[in-house]
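Engineer: In my numbering, the protein residues as written are 708 to 971. Backbone N, C-alpha and C define an ideal beta-carbon position, used for all residues, glycine too. Would you mind keeping the following structure in view while I ask a few things?
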Amino acid sequence: MTRIHPTAIVDPAAQLDSTVEVGPYSVIGPHVKIGAGTTIGAHCVIEGHTTIGRDNRIFQFNSLGAIPQDKKYAGEPCELVIGDRNTIREFCTFNIGSPGDKGVTKVGDDNWIMAYVHLAHDVQVGNKTIFANNSQLAGHVEVGDWVILGGFTVVHQFVRIGAHAMTAMCSLLFADVPPFVMTQGQPAAARSMNFEGLRRRGYSPERISAVKAMHKSLYREDLTLEQAMGRIDRLRLDKPEAAEDVDMMLGFLRGVSAQRGIVR
708 MTRIHPTAIV DPAAQLDSTV EVGPYSVIGP HVKIGAGTTI GAHCVIEGHT TIGRDNRIFQ
768 FNSLGAIPQD KKYAGEPCEL VIGDRNTIRE FCTFNIGSPG DKGVTKVGDD NWIMAYVHLA
828 HDVQVGNKTI FANNSQLAGH VEVGDWVILG GFTVVHQFVR IGAHAMTAMC SLLFADVPPF
888 VMTQGQPAAA RSMNFEGLRR RGYSPERISA VKAMHKSLYR EDLTLEQAMG RIDRLRLDKP
948 EAAEDVDMML GFLRGVSAQR GIVR
């Protein structure tokens, strides 16, 4: 049988795998689905149309699936979807999506999310990220794979953060952060690229050299964004082994809005 503490309240309509554990005084709503091996700590509230995958470890005092902090929300059946093998520490708040956007807030797989993290409506988080304590993401934010957010990072609505990017503690993001870029400040500015992180993830010296060249084009040669993109595109010829990285960078930069721009 599902291992549910006798003080927990689980709606009979909720769908929990038989291996799910629910701690004392937690409350699980009727539209919640939880996959095998996931553990829910004490005093959690999981509500709304929330789907949680396998082998997640959700610590005590979390609020997952509450309605968005959006005055336009009128009870639409929007969703929160959490993937597999995520760690969610204490006092996190993840809201469902909103009808004005994707209608779903989504967290991928293998993420390490520390205490007091807030994910507002329609936030999209990739895989293998680390969000340090008190990272706060406003609505519609998009976060790529392997991103690391330093403690007390605050992200403005609609900002995108590219894969492998990293923020320093207390960074304040008003603009998009391209892949690989390390930022710091209030507002945040680009300081370098996440070279050590790439080495730890097995990037070859050739690929890291291509990332350095992209950084130079974006931040060291006084080029417009369009000119920098042209310079980066030519790296396909000079460094063919980094074609995947070039494609990722160019794909991200093509999606930069005139309103947000990129960190400089």
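Considering only residues of the same chain and omitting the five flanking positions on each side of R796, which have a CB-CB separation below 7 Å?
Structural biologist: The answer, listed in chain order, is F766, I820, M821 and A822.
Engineer: Between the segment 949-956 and the segment 916-928, can you find at least three pairs of beta-carbon atoms closer than 8 Å?
Structural biologist: With the cut-off at 8 Å, the segment 916-928 and the segment 949-956 touch.
Engineer: In angstroms, rounded to a whole number, what distance separates the CA positions of G736 and E754?
Structural biologist: Roughly 5 Å separates the two Cα atoms.
Engineer: Consult DSSP for A949 and reduce its assignment to one of helix, strand or coil.
Structural biologist: Here A949 sits in helix by DSSP.
Engineer: Determine which residues share a DSSP beta bridge with L844 and list them.
Structural biologist: Paired residue(s): L826 and V862.
Engineer: Between G892, D718, G807 and P947, which has its C-alpha nearest E913's C-alpha?
Structural biologist: E913 has its Cα closest to that of P947, out of G892, D718, G807 and P947.
Engineer: Please look up how many angstroms separate the CB atoms of G815 and G833, rounded, as I've assumed it's under 8 Å.
Structural biologist: Yes, G815 and G833 are in contact; Cβ-Cβ is about 5 Å, under 8 Å.
Engineer: If we call anything under 8 Å between Cβ atoms a contact, is T836 one with V848?
Structural biologist: The answer is no: Cβ separation not under 8 Å.
Engineer: Quick check: what's the CA-CA separation for F801 versus D945?
Structural biologist: Using only the alpha carbons, I get a separation of about 44 Å.
Engineer: Grouping DSSP H, G and I as helix and E and B as strand, with all else coil, what is V918?
Structural biologist: Note: V918 maps to helix in three-state DSSP.
Engineer: When the Cα atoms are used, what is the spatial distance from T746 to T757?
Structural biologist: Going from the Cα of T746 to the Cα of T757 covers about 15 Å.
Engineer: On the DSSP letters alone, give me the boundaries of the beta strand (DSSP E) that Q891 sits inside.
Structural biologist: Residues V888 to G892.
Engineer: Between the beta-carbon of G857 and the beta-carbon of S878, is there less than 8 Å?
Structural biologist: Contact flag set, yes.
Engineer: Tell me A897's beta-bridge partners as DSSP assigns them.
Structural biologist: Partner(s): T890.
Engineer: For S911, count neighbouring C-beta atoms within 10 Å of its own C-beta (all shown protein chains included) and say buried if the count is 16 or more, exposed if not.
Structural biologist: S911 comes out exposed.
Engineer: If you reduce the DSSP assignment to three classes, tell me which class I939 lands in.
Structural biologist: DSSP places I939 in helix when its eight states are reduced to three.
Engineer: In terms of residue numbering, what span does the alpha helix (DSSP H) encompassing F902 cover?
Structural biologist: Per DSSP, F902 belongs to the alpha helix (DSSP H) from F902 to R907.
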